[in-house]
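> Taking the numbering used here, the leading residue of the sequence shown gets 110, the next gets one more, and so forth.
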Amino acid sequence: MKKPKPTKTKNRGKSSSAKAISTTKNSEDPKDNLSTKFPKAKFQKISNERRELIANVVKELVSEEATPIVLYLIGKTKVSEFVIAADLDFEIHKARNLLYKLLEHNILYFHRKKDKIKGWYICYWDFNEKIITFLDEKIKSGKLTKLKERLEKESSSTFYMCKNACTRMDFEKAMEFNFKCPECGELMDEQNNSRTVEFLQERIKELNSEINK
Ligand SMILES: [Zn+2]
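Right, here's the structure in full:
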């Protein structure tokens, strides 16, 4: 039997390895830090691409904080919320809160079972892995719609901007203010938004190719 080795870190001064992890904001690949961040939990190995996809979806719809729960549930089934909380070092209320948020988006589902000894109900959780691709597409098409609306607006009107950069508004709005900034009173200039338009077009192209992948 192999015992899990504690992560060896160079002992610098008094800082414990746990403290070093929580205070270091370096460029270390955070995806590989899961087992370091959650030493009590076991994670199934999946491809970086898959992990990124799941993490992005969870981040967009729930929060970054909920990501470890989802990754932790991969390859497991009917995991008690108490086990999830203990393994990932969450307070049970915090864990439940995140679990229910994930449930709202159908990222997880659960079974409720009465604990024979304690007499109360415990929820056992599963990851609804099939839904991730669908949610990813939904997020992307939502973003695409917004970008297209923005592009439409940027291409169809002229924009005015305060010389002190406090405000930016379209022609109709600027006329209402007599082309004077409502914040500082400075005159507003017509702004060349061709770079914004280019940027939006570029983003739309990127998203389109991601969706059609
Ligand atoms: Zn101004």
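Using N, Cα and C, we set each Cβ at its ideal position, and we do this for glycine too.
(1) Return the residue from the list 161, 164, 203, 155 that minimises the CA-CA distance to residue 184.
(2) According to DSSP, what are the bridge partners of residue 269?
(3) Check whether the Cβ atoms of residue 229 and residue 193 sit closer than 8 Å, and answer yes or no.
(4) In whole angstroms, what is the alpha-carbon distance linking residue 315 and residue 284?
(5) Comparing alpha-carbon positions, which option in 281, 198, 241 lies nearest residue 217?
(6) Are the segment 290-300 and the segment 245-253 touching, with three or more C-beta to C-beta distances below 8 Å?
(7) What are the boundary residues of the beta strand (DSSP E) that includes residue 168?
(8) Looking at residue 207: is its Cβ nearer than 8 Å to the Cβ of residue 175?
(9) Within 10 Å of its beta-carbon, does residue 213 have 16 or more other beta-carbons around it, so buried, or fewer, so exposed?
(10) For residue 177, I'd like the list of residues in its chain whose CB is within less than 8 Å of its CB, leaving aside the five on either flank, ordered along the chain.
(11) By a C-beta neighbour count over all protein chains shown, 10 Å radius and 16 as the cutoff for buried, is residue 268 buried or exposed?
(12) Using beta-carbon positions only, say whether residue 179 and residue 211 come within less than 8 Å of one another.
(13) Taking the alpha helix (DSSP H) that residue 196 belongs to, which residues open and close that run?
(14) Residue 181 to residue 236, Cα distance in whole Å?
(15) Return yes when the Cβ of residue 296 is within less than 8 Å of the Cβ of residue 288, no when it is not.
(16) In the DSSP assignment, the alpha helix (DSSP H) including residue 203 goes from what residue to what residue?
(17) Classify residue 236 as helix, strand or coil using the three-state DSSP reduction.
(18) Which residues bound the beta strand (DSSP E) around residue 225?
(19) With a cut-off of 8 Å, does the C-beta of residue 217 fall near any C-beta of chain C?
(20) If you check the beta carbons only, do residue 309 and residue 238 fall under 8 Å apart?
(21) Could you check whether the Cβ of residue 287 sits closer than 7 Å to any heavy atom belonging to ligand 1?
(22) Got a sec: does ligand 1 put a non-hydrogen atom nearer than 7 Å to the Cβ of residue 299?
Quick answer:
(1) Of the candidates 161, 164, 203, 155, the one whose C-alpha sits nearest the C-alpha of residue 184 is 155.
(2) For residue 269, which the question treats as bridged, DSSP gives the partners 278, 299.
(3) Taking 8 Å as the Cβ cut-off, residue 229 and residue 193 do not qualify as a contacting pair.
(4) If I take the Cα positions, the gap works out to 35 Å.
(5) Ranking 281, 198, 241 by Cα distance to residue 217 puts 241 first.
(6) In short, these stretches do not touch, since the Cβ pair count stays below three.
(7) For residue 168, no beta strand (DSSP E) run applies; the uninterrupted alpha helix (DSSP H) run containing it begins and ends at 157-170, by DSSP.
(8) Contact: yes.
(9) Exposed is the call here.
(10) 143, 146, 147, 150, 197, listed in sequence order.
(11) Flag for residue 268 reads buried.
(12) The Cβ atoms of residue 179 and residue 211 lie closer than 8 Å to each other.
(13) It spans 190-196 - the alpha helix (DSSP H) in which residue 196 sits, taken as one unbroken run.
(14) Each residue's alpha carbon lies about 9 Å from the other.
(15) Yes. Within cutoff.
(16) It spans 201-213 - the alpha helix (DSSP H) in which residue 203 sits, taken as one unbroken run.
(17) It is a strand residue.
(18) Secondary structure note for residue 225: it is in no beta strand (DSSP E), with a DSSP letter that is neither H nor E.
(19) Reference to chain C is not applicable here, since this structure consists of a single protein chain.
(20) Not closer than 8 Å, so no.
(21) Answer for residue 287: no, Cβ out of range of ligand 1.
(22) No.
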